[in-house]
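Trainee: My questions will all concern the structure given below.
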Amino acid sequence: YWESEVDSASVKLAREYYEKGLFIEDKGCIGVDLEPYKLGFCMLLKTDGNGLYATKDIELARRKFQDYHIEKNLYVVDKRQEHHFKQVFKVLELMGFENAKKCQHLQYDFVELPDGAMSSRKGNIIPLQSLIEEMVKMIKEQYLARYVNEWSAEEIEKTAQTVAKGAIKYGMTRIDPAKKIVFDMKEWLKLDGESGPYIQYSFARINSMVNKLGAPKSNEMKIEVQQEKDLVAALMNFHHTVQQATEQFRPSILTAYLYDLSRSFNGFYAECPVGSSEEPTRSSRLMLSKATAQTLKKGLELLGIEAPERM
Numbered sequence: 001y002w003e004s005e006v007d008s009a010s011v012k013l014a015r016e017y018y019e020k021g022l023f024i025e026d027k028g029c030i031g032v033d034l035e036p037y038k039l040g041f042c043m044l045l046k047t048d049g050n051g052l053y054a055t056k057d058i059e060l061a062r063r064k065f066q067d068y069h070i071e072k073n074l075y076v077v078d079k080r081q082e083h084h085f086k087q088v089f090k091v092l093e094l095m096g097f098e099n100a101k102k103c104q105h106l107q108y109d110f111v112e113l114p115d116g117a118m119s120s121r122k123g124n125i126i127p128l129q130s131l132i133e134e135m136v137k138m139i140k141e142q143y144l145a146r147y148v149n150e151w152s153a154e155e156i157e158k159t160a161q162t163v164a165k166g167a168i169k170y171g172m173t174r175i176d177p178a179k180k181i182v183f184d185m186k187e188w189l190k191l192d193g194e195s196g197p198y199i200q201y202s203f204a205r206i207n208s209m210v211n212k213l214g215a216p217k218s219n220e221m222k223i224e225v226q227q228e229k230d231l232v233a234a235l236m237n238f239h240h241t242v243q244q245a246t247e248q249f250r251p252s253i254l255t256a257y258l259y260d261l262s263r264s265f266n267g268f269y270a271e272c273p274v275g276s277s278e279e280p281t282r283s284s285r286l287m288l289s290k291a292t293a294q295t296l297k298k299g300l301e302l303l304g305i306e307a308p309e310r311m
């Protein structure tokens, strides 16, 4: 929907409900008295007859209810608009829209630097493209320089871009939306901490091993040591985790799972030799490794993050 589509229609809707008696006039303005709900007065038409953001949001919601069979109507807007949306949702409810209860404000807080908030006054605002370029440069220098004589320039560039964007997406989604996000480039690019590159590197490492060892020679699963049991338990929890993250609109649940799964695999890999084990243990551990790689890749995909084949 375009804002221009709902502009005049929202004013018309406000006047219609004023004539019905649901909306009232107060000091020349038209709105809704929400004091009984401790939400103040929701102004919908100013003294000059023009609408406000709340007016447009109400008409927009009405159109969504009319045009679609919605299961959930989400508003991803910063937390400072919390009161605004509480008013809008309450007005929709008072107007008789059953779907008002399906409306939800998904709040998010600001992204800050370690030394505080970004502002034009401080001159520390970082445009996204400049940030990606700086991160790509750092990734090439610190992680990919050793592959200069092995990989093509195109693959190095693509991998660096993938890791940089993955670091940003993972860093943004691993924090609950209503909490402040502190951007620290070195922390977000670490290969040994709770970061996107750590998950990507874990996948690439497993993927490389699986490709090197080839297909399992047996389909028999032989789970004996604790690290194997822990890894199986973690893998079995994937679908429940995705469902939980979806129902609660909290991608941080999934990011935490992927980090824990990566750590679980690394603990398994350190204690359970794969290639040098005898059959059927070798094939069993190889299948576990392959399942872990597939799960990490799918989890990253759900977060909008690409998993590089090697890194």
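Taking the working numbering, the leading residue of the sequence shown gets 1, the next gets one more, and so forth.
For every residue, glycine included, the Cβ atom is placed at its ideal position computed from N, Cα and C.
Based on DSSP bridge pairs, tell me the residues matched to Met-43.
Mentor: Your numbering for residue 43 matches position 43 in the sequence shown. Gly-31.
Trainee: Taking 8 Å as the threshold, find out whether the stretch 222-229 comes into contact with the stretch 197-206 through three or more Cβ pairs.
Mentor: At 8 Å Cβ cutoff, the stretches do not touch.
Trainee: According to the Cβ coordinates, are Gly-304 and Leu-254 closer than 7 Å?
Mentor: Numbered from 1 along the sequence shown, position 304 holds the residue referred to as residue 304. Numbered from 1 along the sequence shown, position 254 holds the residue referred to as residue 254. Contact: no.
Trainee: Return the bridge partner residues of Val-11 from the DSSP annotation.
Mentor: Within the sequence shown, the letter at position 11 stands for residue 11. DSSP output for Val-11 lists no bridge partner at all.
Trainee: Pick from Gly-51, Met-209 and Leu-92: whose alpha carbon is nearest that of Ser-276?
Mentor: The sequence position of residue 276 within the sequence shown is 276, counting from 1. The shortest Cα separation from Ser-276 among Gly-51, Met-209 and Leu-92 belongs to Met-209.
Trainee: Compare the beta carbon distance of Ala-54 and Val-6 with 7 Å and say whether it is the shorter of the two.
Mentor: Here residue 54 is taken as the residue at index 54 of the sequence shown, counted from 1. Here residue 6 is taken as the residue at index 6 of the sequence shown, counted from 1. Cβ distance not < 7 Å, so Ala-54 and Val-6 don't count as in contact.
Trainee: CB Val-136 to CB Gln-161, shorter than 7 Å?
Mentor: Mapped onto the sequence shown, residue 136 falls at position 136. Mapped onto the sequence shown, residue 161 falls at position 161. A contact, by the Cβ cut-off of 7 Å.
Trainee: From this set, Thr-47, Leu-213 and Glu-71, which residue's C-alpha is nearest Lys-27's C-alpha?
Mentor: Locating residue 27 in the sequence shown gives position 27, counting from the first residue. Nearest of Thr-47, Leu-213 and Glu-71 to Lys-27, Cα basis: Thr-47.
Trainee: What does DSSP give as the partner residues of Cys-272 in its beta bridges?
Mentor: To locate residue 272, count along the sequence shown from 1; it is residue 272. DSSP output for Cys-272 lists no bridge partner at all.
Trainee: Comparing alpha-carbon positions, which option in Gly-196, Phe-265 and Ser-284 lies nearest Leu-213?
Mentor: Within the sequence shown, residue 213 is the residue found at index 213, counting from 1. Of Gly-196, Phe-265 and Ser-284, the residue nearest in Cα terms is Ser-284.
Trainee: What span of residues does the alpha helix (DSSP H) with Asp-67 cover, start to end?
Mentor: Locating residue 67 in the sequence shown gives position 67, where the first residue counts as 1. Element bounds for Asp-67: 53-67.
Trainee: For Met-172, count neighbouring Cβ atoms within 10 angstroms of its own Cβ and tell me buried if that reaches 16, exposed if not.
Mentor: Along the sequence shown, one-based indexing puts residue 172 at 172. Answer is buried; the Cβ neighbour count reaches 16.
Trainee: Report the option in Ile-70, Phe-268 and Cys-29 whose CA atom is closest to the CA atom of Lys-102.
Mentor: Position 102 of the sequence shown, counted from the start, is the residue given in the question as residue 102. Among Ile-70, Phe-268 and Cys-29, the Cα nearest to that of Lys-102 is on Ile-70.
Trainee: What did DSSP end up calling Glu-279 once you bin it into helix, strand or coil?
Mentor: In the sequence shown, residue 279 corresponds to position 279, counting from 1. Reduced to three states, the DSSP call for Glu-279 is coil.
Trainee: Could you check the C-alpha separation between Tyr-170 and Gly-51 for me, to the nearest Å?
Mentor: Within the sequence shown, residue 170 is the residue found at index 170, counting from 1. Within the sequence shown, residue 51 is the residue found at index 51, counting from 1. Cα-Cα distance, rounded: 39 Å.
Trainee: Output needed for Thr-159: all residues of its chain with C-beta closer than 7 Å, excluding positions within five of it in sequence on either side, in chain order.
Mentor: Translated into positions along the sequence shown, residue 159 becomes position 159. Same-chain partners within the cutoff: Leu-144, Pro-308 and Met-311.
Trainee: Compare the C-beta of Asp-26 with all C-beta atoms of chain D and state if any pair is closer than 7 Å.
Mentor: Within the model displayed, chain D is absent; a lone protein chain is all it includes.
Trainee: Can the beta-carbon of Lys-371 be found less than 7 Å from the beta-carbon of Asp-57?
Mentor: No answer is possible for residue 371: it lies beyond the span of the chain, which begins at 1 and ends at 311.
Trainee: Output needed for Asp-33: all residues of its chain with C-beta closer than 7 Å, excluding positions within five of it in sequence on either side, in chain order.
Mentor: For this step, residue 33 is matched to residue 33 along the sequence shown. Correct list, in chain order: Ile-24 and Phe-41.
Trainee: Between Ala-293 and Asn-207, how many whole angstroms is the CB-CB distance? I'm expecting something under 8 Å.
Mentor: Position 293 of the sequence shown holds residue 293. Position 207 of the sequence shown holds residue 207. At roughly 5 Å, the Cβ-Cβ gap stays under 8 Å, so Ala-293 and Asn-207 are in contact.
Trainee: What separation, rounded to the nearest whole angstrom, lies between the Cα atoms of Lys-290 and Ser-264?
Mentor: Taking the sequence shown and counting its residues from 1, the one referred to as residue 290 is at position 290. Taking the sequence shown and counting its residues from 1, the one referred to as residue 264 is at position 264. So the alpha carbons of these two residues sit roughly 14 Å apart.
Trainee: Identify every residue that forms a DSSP beta bridge with Ile-24.
Mentor: If you number the sequence shown from 1, residue 24 lands on position 24. For Ile-24, which the question treats as bridged, DSSP gives the partners Gly-31.
Trainee: Pick out whichever of Leu-302, Phe-249 and Glu-154 has its Cα sitting closest to the Cα of Val-76.
Mentor: Reading the sequence shown from its first residue, position 76 is the one you call residue 76. When only C-alpha atoms are compared, the closest one is Phe-249.
Trainee: Of the residues Gly-193, Phe-268 and Trp-188, which one's Cα is nearest the Cα of Glu-134?
Mentor: For this step, residue 134 is matched to residue 134 along the sequence shown. The candidate whose alpha carbon is nearest that of Glu-134 is Trp-188.
Trainee: Using 10 angstroms around the beta-carbon of Ser-262, count the other beta-carbons present and answer buried if the total reaches 16, otherwise exposed.
Mentor: Locating residue 262 in the sequence shown gives position 262, where the first residue counts as 1. Ser-262 should be labelled buried.
Trainee: Which class does Ile-175 belong to by DSSP, given the choice of helix, strand or coil?
Mentor: Translated into positions along the sequence shown, residue 175 becomes position 175. Three-state result, Ile-175: coil.
Trainee: Using three-state DSSP, classify Leu-296 as helix, strand or coil.
Mentor: Position 296 of the sequence shown, counting from 1, holds the residue named residue 296. If DSSP states are grouped into helix, strand and coil, Leu-296 belongs with the helices.
Trainee: Applying the criterion that 16 or more other CB atoms from any shown protein chain within 10 Å of the CB defines a buried residue, is Arg-146 buried or exposed?
Mentor: Counted from its first residue, the sequence shown places residue 146 at position 146. Looking at its Cβ environment, which holds fewer than 16 other Cβ atoms inside 10 Å, Arg-146 is exposed.
Trainee: Is DSSP giving Asn-73 helix, strand or coil here?
Mentor: Sequence index remark: in the sequence shown, residue 73 carries index 73 (1-based). Strand, per DSSP.
Trainee: Can the beta-carbon of Asp-184 be found less than 7 Å from the beta-carbon of Pro-127?
Mentor: The count along the sequence shown starts at 1 and reaches residue 184 at position 184. The count along the sequence shown starts at 1 and reaches residue 127 at position 127. No. Outside cutoff.
Trainee: Suppose you measure from the CA of Val-182 to the CA of Val-111; what does that come to, to the nearest Å?
Mentor: If you number the sequence shown from 1, residue 182 lands on position 182. If you number the sequence shown from 1, residue 111 lands on position 111. Roughly 6 Å separates the two Cα atoms.
Trainee: Is the beta carbon of Cys-272 sitting closer than 7 Å to the one on Gln-227?
Mentor: Locating residue 272 in the sequence shown gives position 272, counting from the first residue. Locating residue 227 in the sequence shown gives position 227, counting from the first residue. In this structure, Gln-227 lies closer than 7 Å to Cys-272 by Cβ.
Trainee: Would you mind reading off the limits of the beta strand (DSSP E) that contains Gln-104?
Mentor: Counted from its first residue, the sequence shown places residue 104 at position 104. It spans 103-108 - the beta strand (DSSP E) in which Gln-104 sits, taken as one unbroken run.
Trainee: Just verifying my parser: in three-state terms, what is the DSSP assignment at Leu-113?
Mentor: Against the sequence shown, residue 113 aligns to sequence position 113. The answer is strand: DSSP assigns Leu-113 an E or B state.
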